[in-house]
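Residue numbers (my numbering): 66 to 152.
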């Protein structure tokens, strides 16, 4: 059985620190395309779609959610009128 070596700084094993696997580009299947369209439109996932379509759907929904959170946290504070502070 292979041993996992621990990285002293992060506590993660060396296998967890490897770069992500890059997959070759390919065309999406019909249900993957439908899942992508549904995710962008905010429509629910169709359980009849494949597991690969579920991965596409969840990936898009997750990315869109992260983008919304990032846009909300990057907003500048709305200035408050000084007269409101004195009352």
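Virtual Cβ for every residue (Gly too), placed ideally from N, Cα, C.
Just so we're clear, the structure is a prediction, and the values are computed from it rather than from any experiment.
- At the C-beta level, residue 126 and residue 100 stay beyond 7 Å of one another.
- Distances from the alpha-carbon of residue 119 to those of 108, 132, 131 and 97 put 97 closest.
- When DSSP assignments are scanned along the stretch 76 to 111, the uninterrupted stretches of alpha helix (DSSP H) that are 4 or more residues long and fall wholly within it turn out to be 95 to 106.
- The beta-carbon distance between residue 110 and residue 103, rounded to whole angstroms, is 7 Å. This is short enough to meet the 8 Å contact definition.
- Assigned with DSSP and collapsed to three states, residue 127 falls in helix.
- In the structure shown, residue 116 adopts helical secondary structure according to DSSP, grouped into three states.
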